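For reference, each letter of the sequence shown is one residue, going -21 to -1, 1 to 238 in mature numbering (1 follows the signal peptide of the UniProt record, and there is no 0).
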Amino acid sequence: MVGRSRLPLVLLAAAVACAVAQHAPPWTEDCRKSTYPPSGPTYRGPVPWYTINLDLPPYKRWHQLMADKAPAPGMLGNFPGPFEEEMKGIAAVTDIPLGVLEWIMGKKDAMWIGFITRSVLENSTSYEEAKNILTKTKVLAPAYFILGGNQSGEGCVITRDRKQSLDVYELDPKQGRWYVLETNYDRWKNPFFLDDRRTAAKTCLNRITQENISFATLYDVLSTKPVLNKLTVFTTLIDATKGHYETYLRDCPDPCIGW
C-alpha cells in the first residue's frame, strides 16, 4: 500500500524532471550555426524520390510507390483488419460523430486534409484564394495549415477545427511580425509543458533577424535541440517566390530528448 501511495509522487517527479530537462543541456542547446549544407550526425541522407508517370493509366502509375510503401488505410475508405469493427462499435456506443467514420458511412460533405491540400496546390492562383479555401472548407479533422505566398507579407497559420477556422495568424510587417511559427499547439495557448519547441524556435529566429533569414539560417533553427528531437523525421525548406524546396532526412543522436 505504501508503494501505491508513492506512485503518483514518482510519476509527478518524472514529469517535472522531463519538463526541466528540455530547458537544460544536453537536452537543449544554444542556437546552432553553420549546419548547412546538411552534414554530420544529424543528417541521415536525402529523401528517396519516386517518378510518377502520369502518361500511364491510374492503376499502373502508382505501382512502384504502393509496392514499397504501405497504403494509408483511411485513404482507402476502411480501417485495417481488426480495427474496423472496433472503431465502428465505439462510434455506435458513444454516438460520437467521428469525421472519418462519417465519411466511410457515406456522409461526404467534408474533405480529407490531403485532398484539400492537393486541390489548393493544383488549382489556386493566388494567396488569398488559397487562404479562403483552407479557412472555409469543412474538413474531416482538426488541422494547422501553414500557408506562404510569393509576395512580401503573404503568410499565415490557419488553425482549423472540422467545421470552421478558429484563428488566422498572419504576417504583419508593420507590427514587426516578420515570421509566424507553429509547433502543433494553438498559438494562444501555452505548449504542453513537456514539449516546448516554440520557445527555442522563437529565440533562434529573433537572434537571426529578418535581414539574415535564408535556407542556411532556417536549417540552423531546425537543427537546434529541442526543435530537433527524436521524433524529427525530415526537414523541408521552401522558397515560394523561387518555386524551390529542399528536403532532408534527419537524426538526433543521443543525448536528445524524445519529443
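Yeah, the Cβ is synthetic: ideal placement off N, Cα and C, and Gly gets one too.
Note that this is a predicted model, so its numbers are computed, not measured.
Residue from the options with nearest C-alpha to residue i
i	options	result
Ile137	Gln130, Pro205, Leu126	Leu126
Lys221	Glu8, Ser18, Asn129	Asn129
Lys87	Lys117, Cys135, Gln189	Lys117
Asp230	Leu173, Lys209, Ile112	Lys209
Ser193	Thr96, Asp218, Thr7, Ala122	Asp218
Thr214	Cys235, Tyr15, Gly132	Tyr15
Ile187	Lys12, Leu35, Thr104, Asn169	Lys12
Asp174	Cys235, Thr226, Ser144, Asp146	Cys235
Lys168	Gly134, Leu150, Asp146	Asp146
Ser144	Leu150, Lys115, Trp6	Lys115
Length of the line joining the Cα atoms of residue i and residue j
i	j	result
Pro152	Arg176	24 Å
Ala89	Leu119	6 Å
Trp28	Val212	16 Å
Gly237	Asn185	25 Å
Leu100	Ile92	12 Å
Asp140	Arg166	14 Å
Gly19	Pro232	10 Å
Gly56	Phe94	Confidence is the limiting factor: at Gly56 the pLDDT is only 42, short of 50, which leaves the residue's position unreliable, though a coordinate-based value still follows. Computed Cα separation, rounded: 14 Å.
Pro50	Thr226	Here Pro50 scores only 49 on pLDDT, less than 50, and its place in the model should not be relied on; the value that follows carries that caveat. Straight-line Cα distance between these residues: approximately 22 Å.
Pro205	Tyr123	21 Å
Leu113	Val26	28 Å
Asn102	Lys142	22 Å
Gly134	Arg156	11 Å
Phe172	Asp9	20 Å
Pro5	Pro17	21 Å
Tyr224	Leu150	21 Å
Phe58	Pro121	With a pLDDT of 49 at Phe58, under the threshold of 50, the predicted position of this residue should be treated as unreliable, though the coordinate-derived value follows. Cα to Cα, Phe58 sits roughly 19 Å from Pro121.
Ile31	Pro37	10 Å
Thr96	Thr203	29 Å
Asn191	Ala46	43 Å
Arg40	Ser98	19 Å
Tyr158	Leu216	14 Å
Pair within 7 Å by beta-carbon distance, residue i and residue j
i	j	result
Arg23	Leu228	yes
Beta carbon proximity, residue i to chain D, threshold 7 Å
i	result
Arg40	Judged by its chain identifiers, the structure shown contains no chain D, having just a single protein chain.
For the stretch 149 to 162 against the stretch 170 to 190, do three or more pairs of beta-carbon atoms, one drawn from each stretch, fall closer than 8 Å, so that the two count as touching?
Enough Cβ pairs lie closer than 8 Å, so yes.
I want to know whether the stretch 196 to 208 touches the stretch 107 to 116 - three or more CB-CB distances under 8 Å.
no
Which ranges does the alpha helix (DSSP H) cover as unbroken runs of at least 4 residues, wholly within the stretch 149 to 187, from first to last along the chain?
Taken in chain order, the whole alpha helix (DSSP H) runs of length 4 or more contained in the stretch 149 to 187 are 176 to 187.
Note down, one range per segment and in chain order, each alpha helix (DSSP H) of at least 4 residues found wholly within the stretch 12 to 44.
37 to 40
Note down, one range per segment and in chain order, each beta strand (DSSP E) of at least 3 residues found wholly within the stretch 193 to 233.
213 to 218, 223 to 229
Could you name each continuous beta strand (DSSP E) segment of 3 residues or more that falls completely within the stretch 76 to 136, going from the start of the chain to the end?
Correct list: 122 to 127.
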